[in-house]
Amino acid sequence: MSAERLQEEIAKLAPKGSSEEGYAAAEAAIAQMADQIAALVPGLTWKWHDDGLHWLSCLQDTRYETPAEESVLAVTRNTRSALFSGPIPEDVWPAAVKIVEDKARGFGITQWAGNTDVAQNHDIVIHDNDYNPDPNNQWTNSFEIGTRVVARLAGSVGCRLWQKTLDRYQSEQGNPPASGTR
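See the structure below:
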């Protein structure tokens with residue numbers, strides 16, 4: 005990718021804010037939803053679960069001969085999961101889905117995909133069509149809720165610049181860095 009094209013892609017991604025901001029907002033939303041869902045079922049609790057895969061590059065400076073951390077300018081990210089202590093009962097499932105759907109709508113996430121929705125086996129993904137410059141990385145903004153033996157609630161954040169990349173871009177544009185760093 006040429007230096008000019010790279011700058012064009014950075015300019016497209018900059019208004020979205022940083023990956024770190026998106027990740028924090030998504031995890032805060034998941035915690036709120038998990039609390040609301042747990043309140044629907046007496047005795048149901050939840051805890052954070054780290055699924056392991058945290059980020060994947062969606063914009064890389066290819067001027068580096070070998071991929072390195074500093075060459076990754078923007079990423080898509082998975083959140084940790086809210087793992088519940090048991091399943092969401094069938095009679096409560098529609099209310100749990102509504103909680104997720106309402107919160108997702110606040111993020112502009114409204115499209116349904118990957119639905120398995122049969123008794124005792126539910127997995128629903130609500131996503132958007134967020135811009136991603138990497139055709140091999142189709143992660144987008146999403147929330148996913150599923151229940152079988154236990155329930156799980158998770159999310160992903162679409163392609164966003166790392167904070168350090170965003171700060172550098174804003175500085176080059178004559179604006180102070182958003183994070184307050186220099």
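Counted the way our numbering counts, the sequence shown spans residues 5 to 186. Even for Gly, the Cβ is constructed at its ideal location relative to N, Cα and C.
- Under the three-state reduction of DSSP output, L57 falls in the coil class, being neither helix nor strand.
- Counting only residues of its own chain and dropping the five nearest sequence neighbours on each side, A42 has a CB closer than 8 Å to the CB of L48, T49, W50 and F88.
- If you look at T169, you'll find it in the alpha helix (DSSP H) that goes Q167 to E176.
- Counted as a single uninterrupted DSSP element, the stretch harbouring G150 is not any alpha helix (DSSP H) but the beta strand (DSSP E) occupying residues S146 to T151.
- Rounded to whole angstroms, the gap between the alpha carbons of Q177 and D127 is 44 Å.
- By the Cβ-count criterion, R9 is exposed, with fewer than 16 other Cβ atoms from all chains shown falling within 10 Å of its own Cβ.
- S6 counts as exposed, since fewer than 16 other beta carbons sit within 10 angstroms of its beta carbon.
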